[in-house]
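Just so we're aligned: the sequence shown equals residues 879 to 1316 in the numbering used here.
Where a beta carbon is used, it is the ideal one built from N, C-alpha and C, also for glycine.
Predicted, not measured: the structure shown is a model, and the values here were computed from it.
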Amino acid sequence: MSNQLNETHNPSLTSWVESANQENCDFPIQNLPFAVFRKAGSSEAFRGGVAIGDQVLDLAAAKNSGIFSGLAQEAISACDAPELNKFMGMGKTAWSALRQALSQALSSGSDAQDKLSSCLISQTEVEYSLPCRIGDYTDFYTSIHHATAVGKLFRPDNPLLPNYKWVPIGYHGRSSSIDVSGQQFKRPSGQLKAPDAEKPIVAPCKRLDYEMEVGIYIGNGNQLGEAISIEKAEDHVFGLCLFNDWSARDIQGWEYQPLGPFLAKNFASTVSPWIITTEALAPFRAEWTRDADEPQPLEYLESKQNREAGSFDVQLEVQLETAKMREAGEPASHLSLSNFRHSYWTVAQMVAHHSVNGCNLMPGDMFGSGTQSGPEQAEAGSLLELSNGGKQTITLDNGETRTFIEDGDTVIMRGWCQRDGAKRIGFGEVTGTVLPAE
Ligand code: MN
879 MSNQLNETHN PSLTSWVESA NQENCDFPIQ NLPFAVFRKA GSSEAFRGGV
929 AIGDQVLDLA AAKNSGIFSG LAQEAISACD APELNKFMGM GKTAWSALRQ
979 ALSQALSSGS DAQDKLSSCL ISQTEVEYSL PCRIGDYTDF YTSIHHATAV
1029 GKLFRPDNPL LPNYKWVPIG YHGRSSSIDV SGQQFKRPSG QLKAPDAEKP
1079 IVAPCKRLDY EMEVGIYIGN GNQLGEAISI EKAEDHVFGL CLFNDWSARD
1129 IQGWEYQPLG PFLAKNFAST VSPWIITTEA LAPFRAEWTR DADEPQPLEY
1179 LESKQNREAG SFDVQLEVQL ETAKMREAGE PASHLSLSNF RHSYWTVAQM
1229 VAHHSVNGCN LMPGDMFGSG TQSGPEQAEA GSLLELSNGG KQTITLDNGE
1279 TRTFIEDGDT VIMRGWCQRD GAKRIGFGEV TGTVLPAE
């Protein structure tokens, strides 16, 4: 389990990049997340960067600074690419070597300041691309609170199917429509069928929703035919991001049986630009428990480390900015606040389960955690739950109401980790905007 603390987590570390030392900064020196960026509006090559305060450290430039050596130099060289798959595939020893070298070089008083200060660019001046080529995308369903709430709407008599407490349920999604924060897409059309209608129609979806998920990036993969044990599972996890897995609920309701989600889920999904490494999250691990009266996990999903620190304590907030708010210059309206630690299954259990049949994971593959709803209504990670299936309107701060997403709406998700004795770190944000259907 990747919960070992080292000098890079020391809460008293500060950086010579002054903005990184400000209270409530998402990207203090203890974080050091990775993205792929270039100067906004330019034709520069996209390349890897690390966030520090309100700046991006350009890893393609830093690679030539002469201050890194050995494995850290090999790792930073792999980041001079428009996709981080090669670096992610190098494994945790290389990720750690680079993190440690960057932490030292960016620390207050470092000799590297002179050489690295010219490798910084303000985050307000860059644009991002996907951080890696996502070969395969798998969507899990790990919040029992979400599964139960949604199950009640789709199957009132039988909300939670009996396999849920044994199998980390998932399905294979589609990666081609995953884009980075700022994504804009047209309201999808598809087959819709009202419960009392004789036949379906094809029309723009009317019950468009978001899903507040955590994205999980695989680093080094496994050989086809070889399962990853739960003890080794997190060695294969490069890091986490915020993930909005947009969903067309009316298309979903008609198409989802018997094989599961299809066109209701594959028209757009949006990731935050920054990958927060598993190592950066080490101070924010939490125990994972399963009540004694619930089924206990099968052996391949059970380990001592998973019990002690298998969960991630990440706060997850959703806000909605309507077109009217934007025009009036009003702030976005809060919709929900949840936490990834409520997940019924852990990241390690997802990895162990996904590979138990020998399925090979590849560097840059991504898992969606499934909508992360908590036990309370205010922690619901979708409008489907917040509006009780569209039956209750939600009143926003400016008096507008919603049951589902309307054209021009921007959904904003934020994530952060905070606890006594550790430096707060943030995930930044993921935003996405819905445009009218054709
Ligand atoms: Mn999903």
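Option in the options with minimal Cα separation from residue i
i, options, result
"Gln1255", "Pro1066, Ala1027, Ala1206, Leu1086", "Ala1027"
"Gln933", "Arg916, Asn888, Ala979", "Arg916"
"His842", "Met1228, Gly1259, Gly1304", "Given a span of 879 to 1316 for the chain in the structure shown, any question on residue 842 remains unanswerable."
"Pro906", "Gly1277, Ala929, Thr1309", "Ala929"
"Gly926", "Lys1301, Glu1208, Ala959", "Ala959"
"His1220", "Glu1165, His1114, Gly1246, Gln1069", "Glu1165"
"Ser996", "Thr1156, Ser943, Tyr1042", "Ser943"
"Arg1302", "Cys903, Glu896, Ala1126, Ser897", "Cys903"
"Ala1111", "Leu976, Leu1264, Val1229", "Val1229"
"Glu1195", "Tyr1088, Gly1267, Thr1167, Ser1181", "Tyr1088"
"Val1046", "Glu1208, Trp1152, Leu1176, Asp1285", "The sequence given here has Pro at residue 1046, not Val. Answer by Cα proximity: Leu1176."
"Lys1202", "Gln1135, Glu1284, Ala1300", "Glu1284"
"Gly1138", "Gln1001, Gly1048, Asn1100, Gly948", "Gly1048"
"Val1080", "Phe1116, Lys1269, Gly1306, Glu1133", "Glu1133"
"Ala913", "Ser921, Ser947, Leu962", "Leu962"
"Arg1297", "Asn1276, Glu901, Phe1162, Val1312", "Phe1162"
"Pro1173", "Thr1200, His1114, Pro1040, Gly1131", "Pro1040"
"Arg1065", "Leu1086, Asp1074, Lys1077, Pro1073", "Leu1086"
"Gln1001", "Val1092, Ser920, Asn909, Gly931", "Gly931"
"Gly1146", "Pro1082, Ser985, Phe1063, Tyr1042", "At residue 1146 the sequence reads Ala, which differs from the Gly that was named. It is Phe1063 whose Cα lies nearest to the Cα of Ala1146."
"Ala940", "Pro1209, Gln991, Gln1193, Trp1152", "Gln991"
"Val1308", "Leu984, Leu949, Lys1182, Val1092", "Val1092"
"Gln1061", "Asp1287, Gly1293, Gln978", "Asp1287"
Check whether residue i and residue j have beta carbons under 7 Å apart
i, j, result
"Thr1226", "Ile1056", "Note on residue identity: the sequence assigns Ala, not Thr, to residue 1226. Against a cut-off of 7 Å, the Cβ pair of Ile1056 and Ala1226 comes out as no contact."
"Gly1013", "Asp1243", "yes"
"Thr892", "Ser981", "no"
"Tyr1222", "Thr1016", "no"
"Ser1150", "Leu1120", "yes"
"Phe1190", "Leu1239", "no"
"Ile1129", "Leu1141", "yes"
"Gly1310", "Asn1184", "no"
"Ile1094", "Leu1118", "yes"
"Phe924", "Ser1007", "yes"
"Glu1263", "Ser1251", "yes"
"Ile1290", "Gln1197", "yes"
"Gly1236", "Gly1103", "yes"
"Ala1300", "Pro889", "yes"
"Lys993", "Ile954", "no"
Span of the alpha helix (DSSP H), counted from its first residue to its last, around residue i
i, result
"Ala1384", "Limits of the chain in this structure are 879 at one end and 1316 at the other, which puts residue 1384 out of reach."
"Gly1029", "1022–1032"
"Thr971", "970–984"
"Met1228", "1225–1233"
"Phe1320", "Past the boundaries of the shown model lies residue 1320; the chain is included only from 879 to 1316, so the question cannot be answered."
"Lys993", "991–994"
Continuous beta strand (DSSP E) stretch holding residue i: start and end
i, result
"Asp936", "933–936"
"Asp1035", "Asp1035 -> no beta strand (DSSP E), and no H or E assigned at all."
"Met1244", "1244–1246"
"Ile1096", "1090–1096"
"Asp1014", "Per DSSP, Asp1014 belongs to no beta strand (DSSP E) and is neither H nor E."
"Val928", "925–930"
"Glu1005", "1004–1007"
"Val914", "912–917"
"Ile945", "Neither: Ile945 is in no beta strand (DSSP E) and is coded neither H nor E."
"Ile907", "Where Ile907 is concerned, there is no enclosing beta strand (DSSP E), given that its DSSP letter is neither H nor E."
Cβ of residue i within 7 Å of any chain C Cβ
i, result
"Val1192", "Chain labels in this structure do not include chain C; a single protein chain is all it has."
Ignoring anything shorter than 3 residues or poking outside the stretch 1101–1161, list the beta strand (DSSP E) runs there in chain order. The qualifying runs are 1115–1122, 1147–1149.
Where are the beta strand (DSSP E) runs, 3 residues long or more, that stay fully inside the stretch 1046–1088, in chain order? As for any beta strand (DSSP E) of minimum length 3 sitting wholly inside the stretch 1046–1088, the runs are 1048–1050, 1056–1058, 1061–1064, 1067–1070, 1079–1082, ordered along the chain.
Quick one, what's near ligand 1 if you take every residue whose CB is closer than 7 Å to any heavy atom, in chain order? In chain order, the hits are Asp1017, Glu1089, Glu1091, Asp1123, Ser1125, Lys1143, Gly1246, Gly1248, Thr1249.
In chain order, which beta strand (DSSP E) runs of at least 3 residues are fully inside the stretch 1160–1221? The qualifying runs are 1193–1199, 1211–1217.
For the stretch 1258–1315, which segments carrying the beta strand (DSSP E) assignment without a break, of at least 3 residues, lie completely within its bounds, in sequence order? You should have 1288–1295, 1303–1313.
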